[in-house]
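For the sequence shown, position 189 matches number 301 in our numbering, and the numbering has no gaps at all. Where is the CB? At the ideal position from N, CA and C, for every residue including glycine.
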Amino acid sequence: MSDPQGPTVRRRRLGSELRRLRDLAGLRLEDVAKVLECSTSKISRIETGQGLAKALELRAMLDLYGVTDEDARLVINDIHRRASESGWWEQDEYEAVLPSGLGVYVGLEYDARLVQSWELSWVTGLLQTPDYARAVMSSSRVGQSDEVDRLVDVRIERQKRLTASSDPLELWAVMDESVFRRPIGGPDVVRNQIRHILELAELPNVNVQVCPLSKGMHPGLRGSFSILEFGPADPRVVYVEAPSGNLFVERDSQVRAFRSSYTALTAIALDPSESAALLQRVAKEK
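Listed below in structure tokens is the structure:
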């Protein structure tokens with residue numbers, strides 16, 4: 113089991129390995145919970161990477177699963193140690209304002225190799241200017257300017273991966289034309305936002321496509337989503353943000369369905385050069 117890059121993916125990889133070892137040992141969640149004297153939900157959270165076992169608990173789990181090979185135990189313990197590290201998004205000043213589920217997403221995004229996003233309502237977060245991001249966030253946090261400022265800081269920090277000197281994040285962003293027709297923050301903010309997107313689209317790791325209103329009905333009208341891709345050993349994850357709660361989709365059949373929808377969206381959207389031309393026309397109209 114190789115070591116992935118960051119704490120979020122490390123926790124998920126560790127949890128997946130512990131689940132595999134439990135299955136090989138023929139044990140149920142209840143069996144492990146009884147030995148560790150904890151709830152089955154805690155074991156489930158550990159196995160899904162949403163929680164992290166303490167060092168003593170990990171040792172007890174490896175003993176229970178019959179892992180006696182010292183090299184294998186060293187690798188697992190090393191990943192556990194690295195998974196215990198905190199990401200910048202887990203600092204108190206950020207963690208206190210991040211909506212439920214978003215902290216997990218930021219961690220996954222930090223470790224991702226590629227993000228493919230479809231946005232129906234507003235500009236993809238990784239491409240937002242501070243003024244545009246502030247306008248979006250202020251709509252749901254009226255009178256909470258300090259929280260909005262910290263959320264904007266999180267968004268700007270996330271964007272640094274696009275311009276990293278080594279292994280920058282690849283972003284393929286497809287957005288509905290209505291995103292740019294909607295005057296979020298006012299005409300000047302939208303105009304500057306479009307210019308910012310056009311600049312970032314010049315980067316070799318950033319692709320931007322716009323789905324024109326003339327296309328009518330298409331799969332993207334069901335809602336926005338992002339597909340995150342990691343290393344070859346880690347499964348893709350789909351993130352769906354909704355008013356009723358954020359959803360992480362990992363089941364292969366469901367991920368394939370989202371990938372099929374995304375492929376359809378890239379096919380009906382304007383190509384990058386046509387998209388840039390459309391955005392330039394929209395900016396002139398503001």
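Based on the DSSP secondary-structure assignment, which residues constitute the bridge partners of residue i?
i	result
F360	Y351
L226	E282, E341
M287	E231, V322
Which same chain residues, not among the five before or five after residue i, have their C-beta less than 7 Å away from its C-beta?
i	result
W234	V248, V291, I296
Y241	One point to set straight first is that residue 241 is Thr, not Tyr, in the sequence displayed. Contacts found: N304, Q305, H308.
A195	P119, R122, R123, L126, L164
V301	D243, Y244, A247
Distance check for residue j and residue i, CA to CA, integer angstroms please.
i	j	result
T236	A285	7 Å
R125	D258	35 Å
D261	R246	7 Å
L220	L340	8 Å
I188	K166	13 Å
N358	V367	16 Å
D181	E149	25 Å
Y244	K327	26 Å
F337	V352	5 Å
L214	Y177	33 Å
R294	V394	11 Å
I380	L391	17 Å
Y222	V147	35 Å
Classify residue i as buried or exposed, calling it buried when 16 or more other Cβ atoms lie within 10 Å of its own Cβ.
i	result
R134	buried
Q203	exposed
D288	buried
W230	buried
R270	buried
R363	exposed
T375	exposed
E197	exposed
M173	buried
L170	buried
R193	exposed
On a CA-only basis, which of the options is nearest residue i? Give me that one, please.
i	options	result
E386	P324, R371, R368	P324
L382	G298, V322, L176, G215	V322
L75	P242, S326, G332	Residue 75 lies beyond the range of the chain shown here (113 to 398); nothing can be said about it.
D279	P316, I380, V320	P316
R267	L310, Q256, W200	W200
A388	L310, G161, F370	L310
V216	V302, G161, R171	G161
L238	N319, D300, S198	N319
K396	P299, K327, R185	P299
A137	L186, S365, D175	D175
T378	Y222, L130, V218, Q228	Q228
P384	K398, S365, A313, F370	A313
Which residues in the same chain have their Cβ closer than 8 Å to the Cβ of residue i, if we skip the five residues on either side of it in sequence?
i	result
D265	Y206
A224	L281, L340, E341, F342
A354	G335
S151	A145
Give me, in chain order, the residues of the same chain whose beta-carbon lies closer than 6 Å to that of residue i; leave out the 5 immediate sequence neighbours on both sides.
i	result
I155	L141, V144, A145
G163	R157
E282	L226, N317
L263	V209, M249
E159	G127, L130, R131
Spell out whether any CB of chain B is found under 8 Å from the CB atom of residue i.
i	result
P242	This model lacks chain B altogether; it includes just one protein chain.
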